[in-house]
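Take the sequence shown: its letter number 185 is residue 166 in our numbering, and every next letter is one higher.
Yeah, the Cβ is synthetic: ideal placement off N, Cα and C, and Gly gets one too.
This one's a predicted model, so the numbers in the text were calculated from it and none came from an experiment.
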Amino acid sequence: MEEKTRHIEPKLTLVGAGPGDPELITVKGMKSISTADVILYDALIDKSLLEYAPANAVKVFVGKRGGRDYIKQEEINALIVKYAFQYGHVVRLKGGDPFVFGRGHEELDYAQAFGLTTNIIPGITSSIAVPELQRIPVTRRGYSESFWVITGSTKEGKLSKDLELAAQSTATVVVLMGMRKLPEIVALYKQLGIGETPVGIIQNGTTYSEKSGFGTMENIMDVVSERGLKSPAIIIIGKVVEAHPEFARILAEVNQL
-18 MEEKTRHIEP KLTLVGAGPG DPELITVKGM KSISTADVIL YDALIDKSLL EYAPANAVKV
42 FVGKRGGRDY IKQEEINALI VKYAFQYGHV VRLKGGDPFV FGRGHEELDY AQAFGLTTNI
102 IPGITSSIAV PELQRIPVTR RGYSESFWVI TGSTKEGKLS KDLELAAQST ATVVVLMGMR
162 KLPEIVALYK QLGIGETPVG IIQNGTTYSE KSGFGTMENI MDVVSERGLK SPAIIIIGKV
222 VEAHPEFARI LAEVNQL
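Written out as structure tokens, the structure is:
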């Protein structure tokens, strides 16, 4: 009796894995992983999530770190289509939320252009969850009525002009992928005469290797040096940083550096 050929339905599911802690992925995201034929995963993904994939699933690392592309975005797009037609269900596992500086919509557009069935499973974004787990709200009555989430570097490699606009408001500012631009951010706030603005930096948020530093724009560079903070990290700027339960004590210690 001849073995039936398996019908392959080319399909892409964009899955947000959340801010780092593998337990913060959604139930729907986990279910999608469990049905994947191929998983293309990013650098900031906790690899324990891959254990929930079928044993025969193809797992391909397509990560980018610190501005260095181990694989170009155009190549990732092409791999999605290639693997979908070759194997079937491709899960694109991305840190945080796929549509928050994750280039998820670009991948979605590319896949749809080749006729792939597409689905999106949102993830918890680090821009909210990481400060939250440090007891820092991005909004709080009397502190901040809004918040901006800004990329640390534009496509051209420059500091976003939006940052200057946000800095002149009462909004909380969350900068993603911004550690290399921190000196420019500090200079901007000082130039605007608001060097006393509270700032927090949280590296590897929600993971066991998380560490953080707090201060103001006047002294945060010293904090970064003393604490050895580096990417991947998020920068939280604004009065809400004062809500951190130990901010006053930490700031007093920092001022003695």
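When the Cα atoms are used, what is the spatial distance from residue 107 to residue 77? 6 Å
Give the secondary structure of residue 112 by DSSP, where H, G and I count as helix, E and B as strand, and everything else as coil. helix
Taking its Cβ as the centre, do 16 or more other Cβ atoms sit within 10 Å of residue 88, making it buried, or is it exposed? The Cβ neighbour count for residue 88, taken over all protein chains shown within 10 Å, is at least 16; the residue is labelled buried.
Using three-state DSSP, classify residue 100 as helix, strand or coil. strand
Residue span of the beta strand (DSSP E) that contains residue 157, given as start and end: 153 to 157
The stretch 187 to 197 in contact with the stretch 120 to 128 per 3-pair CB rule at 8 Å: no
Would you mind reading off the limits of the alpha helix (DSSP H) that contains residue 85? In this chain, the alpha helix (DSSP H) harbouring residue 85 covers 85 to 94.
Rounded to whole angstroms, what is the Cα-Cα separation between residue 211 and residue -12? 47 Å
Three-state secondary structure (DSSP) of residue 228: In the structure shown, residue 228 sits in a helix (DSSP, three-state: H, G or I).
Starting from the Cα of residue 186, find the closest Cα among 80, 150, 217 and give me that residue. 217
Kindly list the residues whose CB is nearer than 7 Å to the CB of residue 252, restricted to its own chain and excluding five residues on each side of it in sequence; keep chain order. One cannot answer for residue 252 here, as it falls past the ends of the chain, which runs -18 to 238.
Could you pull out every residue in the same chain whose Cβ sits closer than 8 Å to the Cβ of residue 245, ignoring the five residues on either side in sequence? Since the first residue shown for the chain is -18 and the last is 238, residue 245 is missing from the structure and cannot be characterised.
Could you tell me whether any non-hydrogen atom of the ligand ADP is closer than 8 Å to the CB of residue 206? In terms of ligand content, the structure shown is empty, and the ligand ADP therefore cannot be addressed.
Report the three-state DSSP secondary structure of residue 10 (helix, strand or coil). helix
Three-state class that DSSP yields for residue 179 in the structure shown: strand
Could you have a look at residue -5 and say whether DSSP puts it in helix, strand or coil? strand
Classify residue 68 as helix, strand or coil using the three-state DSSP reduction. helix
Please state whether DSSP places residue 117 in a helix, a strand or coil. In the structure shown, residue 117 falls within a coil segment according to DSSP collapsed to helix, strand and coil.
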